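Trainee:
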Amino acid sequence: MGLLQQIAEWFTQATHWSGEDGLPVRLLEHLEYSVLSTVVAALIGLPIGLFIGHTGRGAFLAINLSGFGRALPTVGLVTLVFLVSGLSIWPVYIALVVLAVPAIVTNAYAGMAGVEPDLRDAARGMGMTGWQRLWKVEAPVALPLILTGIRLAAVQVVATATIAAYVSFGGLGRYLFDGLAQRDLPQVLAGAVAVAVLAVVTDLLLAALQRVLLPRGLRLRRAQASAGG
Amino acid sequence: MRWSWFPGHADDLASLTLLHLQMTVLAVGLGILIAVPLAILAHRVGRVRGPVLALTGVLFTIPSLALFILLLPFTGLSMTTAVIGLTVYTLVVLVRNTIEGLSSVPPHISEAARAMGYGRTHVLLAVELPLALPVVMAGVRIATVMTISLVSVAGFIGQGALGQLFIDGFQRNFPEPIVAGIALTLLLALVADVLLVGVQRALTPWTRR
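Protein chains in written order, with the UniProt record's numbering: chain A, 1 to 229; chain B, 1 to 209.
Structure representation (structure tokens):
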């Protein structure tokens, strides 16, 4: 297991923890790309998903968007936008946002579509307006799936932000591509470990956030369901 | 865009598409061979279910490029590395959908088969698996489309099939191969999905009545 030792050594060397090519800087760059892309994707995807779910119009679009999102090869998208637009960080952001939007739209839509018709009718019967029904009834009930969509998108973005380094920018991907170019296997493997750990940690943190943000009413309903089940 | 590039490279594009398809079929096929027994085990033995779902979930969270690279010390820059990585990614969807499909079989149907004298294995093969097939096939469709898109990530370890066009195009500052690669990947995903819907309909004739 000499290789494991080499990876561990790579992580313990002080030079890998400071300076422009140090882990803290690369990690912050990686987070910068990921957070900004996920936030922009949510700002685009959530209104679309909520609108489709609330009105029921465009459901066909929402369902097919997810298939398209799954089939679209990200590497191709990044390299193409990069060649067309020239040397800047925008292709990376564009590609990451395009990658993240489908998961957010389809999950928000699925959450909204899963709201029981009885619940919608009750809200309508109480005299709520369209906006009130959306904000006070449908969106809170759909929240678990809405957050699942954001979580899936964020994890995918963290994984894919690695490609920023391929088109000459920073982030944890630098270790992968520099290491591959220099035939420095410990560096490549250490980079892969760092990206993998970041993705898993992102997933776990967002899963915890999802539990914290679960509306009290839904928590109650779940508790009842499991007690009565 | 130099349109003449496309017909001039039709042969290359066709062979890359074929390779892409081979890698996908291999990965999804291996995925099914691993996932279905795992899912049956998880369905039968309740204690196994949580760990199996958790393990495949964590493997799925690991970025594909990182996974390919972590396999390098064992299998090198080979197609084996790419196929193993791709297979691992199909597992989460296939296992989850197979378990879901098996749990969706109404208990009274399995019990009726048992009462007619079917053994447990016979019930599984002749009753439960066929009834679970629509949900399983939904998983196979998702896994296939996802794999077709993911093959291109293996381009970074030299095994990207159509994804190799992205690397070539980028390195030579040449958009035509990239456009061809994206278009063929999307087309392949669409055709594969339509074919799998056909397979599902052929395998479950009773759902059409």
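No residue lacks a Cβ here, since even glycine has one placed at the ideal position from N, Cα and C. For clarity, every value in this text was computed on a predicted model and none was experimentally measured.
Taking the straight line between their C-alpha atoms, what separation do you get for residue 213 of chain B and residue 132 of chain A?
Mentor: Because chain B spans 1 through 209 in this model, residue 213 of chain B falls outside it and cannot be assessed.
Trainee: Is the shortest distance between the beta-carbon of residue 62 of chain B and the beta-carbons of chain A less than 8 Å?
Mentor: In the second sequence, counting from the first residue as 1, residue 62 of chain B sits at position 62. Taking Cβ atoms only, chain A reaches closer than 8 Å to residue 62 of chain B, which makes this a yes.
Trainee: Can you name, in chain order, every residue of its own chain whose Cβ lies under 7 Å from the Cβ of residue 78 of chain A, other than the five neighbours on each side?
Mentor: Taking the first sequence and counting its residues from 1, one reaches residue 78 of chain A at position 78. Within the same chain, residue 78 of chain A has close Cβ partners 91, 92, 95, 163, 167.
Trainee: Are the beta-carbon atoms of residue 172 of chain A and residue 27 of chain A separated by less than 8 Å?
Mentor: For the purposes of this step, residue 172 of chain A is taken as residue 172 along the first sequence, with counting starting at 1. For the purposes of this step, residue 27 of chain A is taken as residue 27 along the first sequence, with counting starting at 1. Their beta carbons are under 8 Å apart, which means residue 172 of chain A touches residue 27 of chain A by this criterion.
Trainee: If we count the other Cβ atoms within 10 Å of its Cβ and call it buried at 16 or more, is residue 215 of chain A buried or exposed?
Mentor: Along the first sequence, one-based indexing puts residue 215 of chain A at 215. So residue 215 of chain A counts as exposed.
Trainee: With 8 Å as the threshold, decide whether the Cβ of residue 29 of chain B is near any Cβ in chain A.
Mentor: Here the question's residue 29 of chain B lines up with position 29 in the second sequence. It does not: the Cβ of residue 29 of chain B has no partner Cβ on chain A nearer than 8 Å.
Trainee: Cutting at 8 Å between CB atoms, please list the residues of its own chain near residue 126 of chain B, excluding the five before and the five after it.
Mentor: Here residue 126 of chain B refers to the residue found at position 126 of the second sequence. Here the set comprises 113, 118.
Trainee: So which residues on chain B does residue 196 of chain A lean against when the C-beta distance must stay under 7 Å?
Mentor: For this step, residue 196 of chain A is matched to residue 196 along the first sequence. Below the 7 Å Cβ cutoff, chain B contributes 62, 63, 66 as neighbours of residue 196 of chain A, in chain order.
Trainee: Give the residues of chain B in contact with residue 162 of chain A, contact being defined as C-beta atoms less than 8 Å apart.
Mentor: What you label residue 162 of chain A is simply residue 162 of the first sequence in a count that begins at 1. Chain B residues near residue 162 of chain A: 63, 65, 66.
Trainee: Please name the residue, chosen from A/67, A/143, A/83, that lies closest to residue 232 of chain B on a Cα-to-Cα basis.
Mentor: It is not possible to answer for residue 232 of chain B, since the shown part of chain B is limited to 1 through 209.
Trainee: For residue 68 of chain A, which residues in the same chain have their Cβ closer than 8 Å to its Cβ, ignoring the five residues on either side in sequence?
Mentor: As a first step, residue 68 of chain A must be located in the first sequence, where it is residue number 68. The answer, listed in chain order, is 102.
Trainee: Does chain B have any CB closer than 8 Å to the CB of residue 72 of chain A?
Mentor: By one-based count along the first sequence, residue 72 of chain A stands at place 72. Yes, residue 72 of chain A counts as interfacial toward chain B.
Trainee: Considering residue 185 of chain B, what are the terminal residues of the alpha helix (DSSP H) in which it resides?
Mentor: Along the second sequence, one-based indexing puts residue 185 of chain B at 185. Counting along the chain, the alpha helix (DSSP H) containing residue 185 of chain B begins and ends at 175-203.
Trainee: By the 10 Å Cβ neighbour count, where 16 or more other Cβ atoms means buried, how is residue 220 of chain A classified, buried or exposed?
Mentor: Against the first sequence, residue 220 of chain A aligns to sequence position 220. When all chains shown are included, residue 220 of chain A counts as exposed.
Trainee: Could you have a look at residue 154 of chain B and say whether DSSP puts it in helix, strand or coil?
Mentor: For the purposes of this step, residue 154 of chain B is taken as residue 154 along the second sequence, with counting starting at 1. Of the three classes helix, strand and coil, the one that applies to residue 154 of chain B here is helix, per DSSP.
Trainee: Using a cut-off of 9 Å between C-beta atoms, extract the partners of residue 185 of chain B located in chain A.
Mentor: Along the second sequence, one-based indexing puts residue 185 of chain B at 185. Residues of chain A passing the Cβ test: 71, 72, 73, 76.
Trainee: Closer than 8 Å is the cut-off here; do at least three beta carbon pairs connect the stretch 11-20 of chain A with the stretch 195-210 of chain A?
Mentor: no
Trainee: DSSP three-state call for residue 99 of chain B: helix, strand or coil?
Mentor: Taking the first residue of the second sequence as 1, we reach residue 99 of chain B at position 99. Helix, per DSSP.
Trainee: CB-CB under 6 Å to residue 136 of chain B, same chain, minus the five flanking residues each way: which ones, in chain order?
Mentor: Here the question's residue 136 of chain B lines up with position 136 in the second sequence. Only 97, 98, 101 meet the Cβ criterion.
Trainee: Counting C-beta neighbours from all protein chains within 10 Å, is the total for residue 29 of chain A 16 or more, i.e. buried, or is it exposed?
Mentor: Position 29 of the first sequence, counting from 1, holds the residue named residue 29 of chain A. That one is buried.
Trainee: Could you work out which residue in A/149, A/141, A/118, A/176 is closest to residue 203 of chain A when comparing CA atoms only?
Mentor: Numbered from its first residue, the first sequence carries residue 203 of chain A at position 203. Relative to the Cα of residue 203 of chain A, the nearest Cα in the group A/149, A/141, A/118, A/176 belongs to A/149.
Trainee: Closer than 8 Å between beta carbons: that is the criterion. Which residues of the stretch 135-147 of chain B meet it against chain A?
Mentor: 142, 145, 146
Trainee: Could you check whether residue 89 of chain B and residue 150 of chain B sit closer than 8 Å to each other, using their CB atoms as the reference points?
Mentor: Looking up residue 150 of chain B in the second sequence gives position 150. Looking up residue 89 of chain B in the second sequence gives position 89. It is a contact, given that the beta carbons lie within the stated cut-off.
Trainee: Would the stretch 108-115 of chain A count as touching the stretch 40-53 of chain A if we require 3 or more Cβ pairs under 8 Å?
Mentor: Cβ pair count under 8 Å is three or more, so yes.
Trainee: Taking residue 171 of chain A as the query, report the chain D residues whose CB atoms sit under 9 Å from its CB, ordered along the chain.
Mentor: Within the model displayed, chain D is absent; protein chains A and B are what it includes.
Trainee: Return the first residue and the last residue of the alpha helix (DSSP H) that residue 113 of chain B is part of.
Mentor: Position 113 of the second sequence holds residue 113 of chain B. It spans 107-115 - the alpha helix (DSSP H) in which residue 113 of chain B sits, taken as one unbroken run.
Trainee: Let me know the secondary structure DSSP gives residue 164 of chain B once reduced to three states.
Mentor: Taking the second sequence and counting its residues from 1, one reaches residue 164 of chain B at position 164. Residue 164 of chain B: helix per DSSP, three-state reduction.
Trainee: Evaluate residue 174 of chain A with the Cβ neighbour count: other Cβ atoms within 10 Å of its Cβ, from every protein chain shown; 16 or more gives buried, anything less gives exposed.
Mentor: For the purposes of this step, residue 174 of chain A is taken as residue 174 along the first sequence, with counting starting at 1. Per the 10 Å Cβ criterion, buried.
Trainee: Work out the CA separation of residue 88 of chain A and residue 68 of chain B for me, nearest whole Å.
Mentor: Counting from one through the second sequence, the residue named residue 68 of chain B turns up at place 68. Counting from one through the first sequence, the residue named residue 88 of chain A turns up at place 88. So the two alpha carbons sit approximately 27 Å from each other.
Trainee: Output the boundary residues of the alpha helix (DSSP H) element that contains residue 12 of chain B.
Mentor: In the second sequence, counting from the first residue as 1, residue 12 of chain B sits at position 12. Looking at the DSSP string, the run of the alpha helix (DSSP H) that includes residue 12 of chain B is 10-44.
Trainee: What residues of chain A sit near residue 97 of chain B, judged by a beta carbon separation below 7 Å?
Mentor: For the purposes of this step, residue 97 of chain B is taken as residue 97 along the second sequence, with counting starting at 1. Residues of chain A passing the Cβ test: none, with the nearest at roughly 15 Å.
Trainee: By alpha-carbon positions, which one of A/76, A/20, A/109 ends up nearest to residue 61 of chain A?
Mentor: For this step, residue 61 of chain A is matched to residue 61 along the first sequence. Looking at the Cα atoms, A/109 is the closest of the given residues.
Trainee: With 16 other CB atoms within 10 Å as the buried threshold, where does residue 66 of chain A fall?
Mentor: As a working note, residue 66 of chain A is residue 66 in the first sequence. Of the other Cβ atoms in all chains shown, 16 or more fall within 10 Å of the Cβ of residue 66 of chain A; this residue is therefore buried.
Trainee: Please list the terminal residues of the continuous alpha helix (DSSP H) segment that includes residue 97 of chain A.
Mentor: Translated into the one-based positions of the first sequence, residue 97 of chain A becomes position 97. Start and end: 90-113.
Trainee: Whether or not the stretch 135-145 of chain A and the stretch 174-187 of chain A are in contact is what I'm after, with contact meaning three or more pairs of Cβ atoms, one per stretch, closer than 8 Å; do they touch?
Mentor: no
Trainee: So, with DSSP's three-state summary, where would you put residue 11 of chain A?
Mentor: In the first sequence, the residue the question calls residue 11 of chain A occupies position 11. In the structure shown, residue 11 of chain A sits in a helix (DSSP, three-state: H, G or I).
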